[in-house]
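All remarks here apply to the structure that follows.
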Amino acid sequence: MIDNLYASLSKEQQQTLIAQLFKKSKQTMSYFHRTKDISLSKLETLADFFGMPLDYFRKDSKFKTNNVTGNNNFVGNVSISTNLMIENQALRKDLDNKESVIKAKDETIDALKRMNNMLQAQIDNNIKREE
1 MIDNLYASLS KEQQQTLIAQ LFKKSKQTMS YFHRTKDISL SKLETLADFF GMPLDYFRKD
61 SKFKTNNVTG NNNFVGNVSI STNLMIENQA LRKDLDNKES VIKAKDETID ALKRMNNMLQ
121 AQIDNNIKRE E
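So for the sequence shown, the UniProt record's numbering puts the first residue at 1; every next one is plus one.
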């Protein structure tokens, strides 16, 4: 996924990203290419660079925590699906789009009401003239 994002950048943007991520260290960059292992701080930098939430990079995976104990009660492993956040964002965009459509329809209805009132006034004036 990261390789695809990187490939979509211009050469200048690629150089900027490399400078931010690896501080121009070829050793760190070759380690990343070899292992595909990236630290959380570098992942945060990457997410900021592309303007994406950090959870985007955990797409189709789960974030698991260790066993949780509190008040001497064993809770167990807790997992959070990051896909829920992505789905939530998509639903919010869909809702925003639907609200825009409703607003446009309301404006159209108002315009048609005004036009109807104008036409009714013209008809009333024509009837008065004929009398």
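Heads up, the beta-carbon is just placed ideally off N, CA and C, and yes, glycines get one too.
Next item on the list: Label LEU91 either buried or exposed according to how many other C-beta atoms from any shown protein chain fall within 10 Å of its C-beta, with 16 as the threshold for buried.
Entry: For the purposes of this step, residue 91 is taken as residue 91 along the sequence shown, with counting starting at 1. LEU91 is exposed by the Cβ-count criterion.
Next item on the list: Count the other C-beta atoms from every protein chain shown that fall within 10 angstroms of the C-beta of LEU21, then say buried if there are 16 or more, exposed otherwise.
Entry: Indexing the sequence shown from 1 puts residue 21 at position 21. Classification for LEU21: buried.
Check: Hey, quick one: how far does the alpha helix (DSSP H) through SER39 stretch, first residue to last?
Finding: Numbered from 1 along the sequence shown, position 39 holds the residue referred to as residue 39. Element bounds for SER39: n/a, residue is neither H nor E.
Notebook entry, point to check: Helix, strand or coil: how does DSSP classify LYS11 here?
Noted result: Start at 1 with the first residue of the sequence shown, and residue 11 comes out as number 11. Here LYS11 sits in helix by DSSP.
Margin query: Quick check: the Cα distance between LEU27 and ALA104, rounded to an integer number of angstroms?
Written below: Numbered from its first residue, the sequence shown carries residue 27 at position 27. Numbered from its first residue, the sequence shown carries residue 104 at position 104. With the sequence shown as reference, residue 27 is identified as Gln, and Leu is not the correct amino acid for it. Answer to the nearest angstrom: the Cα atoms are 56 Å apart.
Checklist line | DSSP state of LYS93 mapped onto helix, strand, coil | finding: For the purposes of this step, residue 93 is identified with residue 93 of the sequence shown, where counting begins at 1. LYS93 falls in the helix class under three-state DSSP.
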